[in-house]
Amino acid sequence: MNKKFSIFPYLFIAPHLLLFTVFLITPTITGFIMSFFKWDYITKPVFVGLKNYGNLLDSNAIDYLKFWTTFGNTLKFVVITVPLLIIISLFLAILLNEKMVLRNFFRFTFYAPVVLSVTVACMIWRWILEDNVGIVGYYLNALGLQRIHWLSQDPYIWLTIVIITIWWLLGTNFIFFMAGLQEVPKELYEAAEIDGAKAWGKFWNVTLPGIKRTMFFVLVTTTLGQFNIFGQPYILYGGRMPDNVQVLLNYVYQVAFDSYRMGSAAAMTVIMGITMVVISAVQYKLMRADD
Amino acid sequence: MRKVHGIKMLLAIVVVVSLLGTVMSGCGGSSQPKTEEKKQAATEQAPAAAAAEKKAAEPEFKNVEINYWNVFTGADGKGMQVIVDAFNKENEGKIKVNAQIIAAADMYNKLVTAVASGTAPNIGIMHLDRILEFQKKGILLEADPMVNTLGLKESEFPSMLWNASVIDGKRYGIPLDTHLFGLYYNVDMLKEAGITELPKTKDEFVAACQKMTKDTNGDGKIDQWGTSINPNWPSTGIFWGWAAQLGAKLCLENGETPDWDGPAGVEAAQFMYDLIYKYKVSPENLPPDGNISLFKQKKVAFEMNGIWQITDYRSQKDLNFATAPFPQIGSSNASWAGSHHFVFYKQKNADATKLAAAVKFAGYVSDHSLDWAKAGQVPARNSVRNSEEFKALKDVYGFAQGLDSAYFFPKTIYKADIFDNPNPPVMQSILTNKAKPEAALKDAVDKAKKAVAAKK
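Top line first, the protein sequences correspond to chains Z and R. Sequential numbering of the first sequence, starting at 0, is according to numbering that gives the first Met the number 0. Sequential numbering of the second sequence, starting at 0, is according to numbering that gives the first Met the number 0.
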């Protein structure tokens, strides 16, 4: 085929490409380069080679102690929230795909929290769950149950963060699944019914294969999105969170903007980024295996 | 079919890269809270009524605009704005101060780049415990000439405050105020328990707390507490004060070795633990700010917190509270404190007129710091603190009586590494009964030392 060069397609993507380059590609590359330097934000950066990475493996370095525990906390969070965010939103999407009373009201209700910022979402829940004046504590007490220390006692601290996250972010996946469900041909359900499939059978054999592409997209974006957890612990504890809920980006922020060790902070995010690429690649392979 | 796959693959890559970008772009993602609040000082366009009298040595100011950065995001921001507005009105046509309120953490991150790029403010507020750090970074002007211009003398300030910003014999700041920890107490509860004098020792403190800890409605549960020790903030502030009372320096002279894991620190932390779990005069496992809501609900008698909390408690209409210096449990009555100083930033293009205007403004605020006291700060100027008007501000005055024992962090450029970062989590784990004080403090100090070492 004879392809002639045309400027027009490039013009069309130019606005996005520009923003993408300025705000994503450039910082990513700069961050990568920065990870090989010692830089305190002010004086001239000093090249230190792989030292910032080496510190992550040196058991005498602060970064070793903090990086692995905080990264562990992030992973724990990803492992808990990603399946919940997918299963619950898919369940709700299927439920609200049926004709029912107040369907649009419920659709709105489940989606609405997404528009809130993390600050607002956390502040709302912080007051709902507050031990002394919160409404949850009040009703637990009225029912004769023990008040729960949602924000200061294990394992409730994690539970609180997970609840807030799910309530807050459910809507995004919910919308994607709603759209995906529309694409599944009605005839397939009818055919399945004729073959004698019950609800579960229809879900397993028609719905799931039908929304496979949506599922892949949701899985990858949710996983990557949850790796970015930062705001929930930060807001709930005003920046002074307990060790067991300090996630990697909280520590990176501390290293970069409290201790001014930009190089070490960059190195940690590079490792985090590579981990995310690897996980996404694995997810891609698994989902495509039987395509 | 292959082509479709190619597109899908491409799409997937774009999604991955773009999401990744948000992470790698240096933690500047949208998930970061932006508490930053900017305000422009809007001068009223009132007719130039009262032209201020001119001092002899003062240069001629004509439409000089200066920028002023401060960190007063709380109720104190309004108090400062009142003073700025008054200054602008008095100097209409001559000097206009543009005040910008920026959350402290953001401001400190911006300063260095602002100075480097020539957009630094002419004058700013800096916390005393950050001055050494920024002086070392070379962005501050020496303030000795400014102090001379204003004719300020040591005799007008508490000496520890006056000397606090002197580094290698040179001054870098002009003290504006002190914000220190103190005691808020519920007057009614003390009266009901028959306590006429505030406790002066550890034992008296415990006894008073025990007297006021009780079950008021007879349901078998304690619902009124002597005090409240929150595992979260402000536990660290209380800890620093009590550890200092018991003999800890918090950080040694070298400015890089924390000593709050020594016997004094352990004793202070143990006492805080005991108040919750041994004497049972404080609720367990309070959530962030739980101490504040309990005190406002009139369920706690002694609340130890910083003076900045004053406006919040004042706004609780039916709360009958008074203030006093921080409770003493050790050999001194030290209370952890901070201080706001005026500093002057290096400019790319130095402008003597602007600098003179900034100096005049600093002098004005210092002279008018009674207005500042109303917003809940203890003014640095002795003349203001000794005035009858100030003494009439009973709640602020209660704190001011503890001023002589205000304990500032020792000079260090590693404040975040030795205090701000390691202290809160270790207090959380001790006070939620997850770790024993001695081992936990030792571990935290070990980490703090490693964090200092990582910067070298």
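Beta carbons are placed, not taken as given, at the ideal position from N, Cα and C, and that holds for glycine. For clarity, every value in this text was computed on a predicted model and none was experimentally measured.
Query raised in the report: Any residues in the segment 285-303 of chain R with a beta carbon nearer than 7 Å to a beta carbon of chain Z? Which ones, in chain order?
Result: Per Cβ criterion, the list reads L285, P286, P287, G289, S292, L293, Q296.
Report task. Pull up the DSSP beta-bridge partners for W68 (chain R), would you. Result -> Indexing the second sequence from 1 puts residue 68 (chain R) at position 69. According to DSSP, which records beta bridges pairwise, W68 (chain R) is partnered with R:Q99, R:G123.
Report task. Could you run through the segment 181-213 of chain R and flag, in chain order, every residue whose CB is less than 8 Å away from some CB of chain Z? Result -> So the list is empty, because no residue satisfies the distance condition.
Query raised in the report: Considering P26 (chain Z), what are the terminal residues of the beta strand (DSSP E) in which it resides?
Result: Your numbering for residue 26 (chain Z) matches position 27 in the first sequence. No beta strand (DSSP E) holds P26 (chain Z); the alpha helix (DSSP H) holding it covers 25-33.
Query raised in the report: Name the chain Z residues that come within less than 7 Å of N420 (chain R), Cβ to Cβ?
Result: Here residue 420 (chain R) refers to the residue found at position 421 when the second sequence is read from its first residue. Those within 7 Å of N420 (chain R) in chain Z are Q253, D257.
Report task. Sort R:I124, R:D105, R:P120 by Cα distance to M79 (chain R) and report the nearest one. Result -> Against the second sequence, residue 79 (chain R) aligns to sequence position 80. Across the set R:I124, R:D105, R:P120, the C-alpha of R:I124 shows the shortest separation from the C-alpha of M79 (chain R).
Query - Coil, strand or helix - N290 (chain R) by DSSP - result: Numbered from its first residue, the second sequence carries residue 290 (chain R) at position 291. Three-state result, N290 (chain R): helix.
Query raised in the report: Mind listing which residues of the segment 88-111 of chain R have their C-beta closer than 8 Å to chain Z's C-betas, in chain order?
Result: A104, N108, V111
Query - Inter-residue CB distance, G240 (chain R) and W335 (chain R) (contact presumed, cutoff 8 Å) - result: Numbered from its first residue, the second sequence carries residue 240 (chain R) at position 241. Numbered from its first residue, the second sequence carries residue 335 (chain R) at position 336. 4 Å between Cβ atoms; contact.
Report task. Name, please, each residue of chain R whose Cβ falls closer than 9 Å to the Cβ of Y9 (chain Z). Result -> Along the first sequence, read from residue 1 onward, the residue named residue 9 (chain Z) stands at position 10. Those do not exist, as Y9 (chain Z) stays about 16 Å from chain R at its closest Cβ, beyond 9 Å.
Query raised in the report: Counting along the chain, where does the alpha helix (DSSP H) carrying D176 (chain R) start and finish?
Result: Counted from its first residue, the second sequence places residue 176 (chain R) at position 177. If you look at D176 (chain R), you'll find it isn't in any alpha helix (DSSP H); it sits in the beta strand (DSSP E) that goes 176-185.
Query raised in the report: Just reading off the beta strand (DSSP E) that T195 (chain R) is part of, what are its end residues?
Result: Numbered from 1 along the second sequence, position 196 holds the residue referred to as residue 195 (chain R). Segment: none, T195 (chain R) is in no beta strand (DSSP E) and carries neither H nor E.
Report task. Return yes when the Cβ of L89 (chain Z) is within less than 8 Å of the Cβ of F176 (chain Z), no when it is not. Result -> As a first step, residue 176 (chain Z) must be located in the first sequence, where it is residue number 177. As a first step, residue 89 (chain Z) must be located in the first sequence, where it is residue number 90. Yes; because the gap between Cβ atoms is below 8 Å, this pair is in contact.
Query raised in the report: Which runs of the alpha helix (DSSP H) spanning at least 4 residues fall entirely within the segment 380-417 of chain R, listed in chain order?
Result: 381-384, 387-391, 393-399
Requested in this report: Reducing DSSP to helix, strand and coil, say where A453 (chain R) ends up.
Outcome: Here residue 453 (chain R) corresponds to residue number 454 of the second sequence, with the count starting at 1. Helix.
Query raised in the report: In angstroms, rounded to a whole number, what distance separates the CA positions of V456 (chain R) and R212 (chain Z)?
Result: This structure cannot settle anything about residue 456 (chain R), because the visible part of chain R is limited to 0 through 455.
**Report entry** Boundaries of the beta strand (DSSP E) in which A74 (chain R) is found, first to last residue
**Finding:** By one-based count along the second sequence, residue 74 (chain R) stands at place 75. Per DSSP, A74 (chain R) belongs to no beta strand (DSSP E) and is neither H nor E.
Query raised in the report: DSSP three-state call for S330 (chain R): helix, strand or coil?
Result: By 1-based counting over the second sequence, the position of residue 330 (chain R) is 331. Of the three classes helix, strand and coil, the one that applies to S330 (chain R) here is coil, per DSSP.
Report task. Return helix, strand or coil for K213 (chain R), following the three-state DSSP convention. Result -> Position 214 of the second sequence holds residue 213 (chain R). Three-state result, K213 (chain R): strand.
Report task. Flag this pair as yes or no: are the beta carbons of K446 (chain R) and L56 (chain Z) separated by less than 8 Å? Result -> Your numbering for residue 446 (chain R) matches position 447 in the second sequence. Your numbering for residue 56 (chain Z) matches position 57 in the first sequence. For K446 (chain R) and L56 (chain Z), no; Cβs fall outside 8 Å.
Query raised in the report: For the ligand NAP, any of its heavy atoms closer than 7 Å to the Cβ of P208 (chain Z)?
Result: This structure lacks the ligand NAP; in fact it carries no ligand of any kind.
Query raised in the report: Helix, strand or coil: how does DSSP classify A115 (chain R) here?
Result: Walking along the second sequence from the start, residue 115 (chain R) turns up at place 116. Reduced to three states, the DSSP call for A115 (chain R) is helix.
Query raised in the report: Given that a residue counts as buried once 16 or more other Cβ atoms are within 10 Å of its Cβ, and exposed if not, what is D214 (chain R)?
Result: As a working note, residue 214 (chain R) is residue 215 in the second sequence. By the neighbour-count rule (16 or more Cβ atoms within 10 Å), D214 (chain R) is not buried but exposed.
Query raised in the report: Alpha carbon to alpha carbon, what distance is there between Q152 (chain Z) and D222 (chain R)?
Result: For the purposes of this step, residue 222 (chain R) is taken as residue 223 along the second sequence, with counting starting at 1. For the purposes of this step, residue 152 (chain Z) is taken as residue 153 along the first sequence, with counting starting at 1. One C-alpha to the other measures close to 20 Å.
Requested in this report: Closer than 9 Å by beta-carbon distance: list the chain Z residues that pair up with D416 (chain R), in chain order.
Outcome: On the second sequence, residue 416 (chain R) is found 417 positions in, with the first residue counted as 1. In chain order: I61, D257, S258.
**Report entry** Neighbour list for P120 (chain R) in chain Z, Cβ cutoff strictly below 8 Å
**Finding:** As a working note, residue 120 (chain R) is residue 121 in the second sequence. Per Cβ cutoff of 8 Å: no residues; P120 (chain R) is ~17 Å from chain Z at best.
Query - Paired residues, beta bridge with R170 (chain R) - DSSP - result: Taking the second sequence and counting its residues from 1, the one referred to as residue 170 (chain R) is at position 171. In DSSP, R170 (chain R) forms a bridge with R:V165.
Query - Residue span of the alpha helix (DSSP H) that contains E189 (chain Z), given as start and end - result: Within the first sequence, the letter at position 190 stands for residue 189 (chain Z). Residues 185-193.
**Report entry** Pick from Z:W149, Z:A265, Z:E97 that is closest to W126 (chain Z), judged by C-alpha positions
**Finding:** Numbered from its first residue, the first sequence carries residue 126 (chain Z) at position 127. Closest option to W126 (chain Z), Cα to Cα, is Z:W149.
Query - Separation of A206 (chain R) from D84 (chain R), as counted between CA atoms - result: In the second sequence, the residue the question calls residue 84 (chain R) occupies position 85. In the second sequence, the residue the question calls residue 206 (chain R) occupies position 207. When rounded, the distance between both Cα atoms is 49 Å.
Requested in this report: Could you name the residues of chain Z that N216 (chain R) contacts, counting a contact when the two beta carbons are closer than 8 Å?
Outcome: On the second sequence, position 217 is the one that residue 216 (chain R) refers to. Under the 8 Å cutoff, chain Z gives no residues; its nearest Cβ is about 13 Å from N216 (chain R).
Report task. Please go through the segment 12-92 of chain Z and give each complete alpha helix (DSSP H) segment of 4 or more residues, from N-terminal end onward. Result -> Runs of the alpha helix (DSSP H) inside the segment 12-92 of chain Z: 25-33, 50-53.
Query raised in the report: Excluding the five sequence neighbours on either side, which residues of its own chain have a C-beta within less than 8 Å of the C-beta of M159 (chain R), listed in chain order?
Result: Locating residue 159 (chain R) in the second sequence gives position 160, counting from the first residue. Around M159 (chain R): A405, F407.
Query - Candidates Z:F256, Z:L223, Z:N249, Z:I228: closest to I278 (chain Z) by CA position - result: By one-based count along the first sequence, residue 278 (chain Z) stands at place 279. Minimum Cα distance to I278 (chain Z) is reached at Z:L223.
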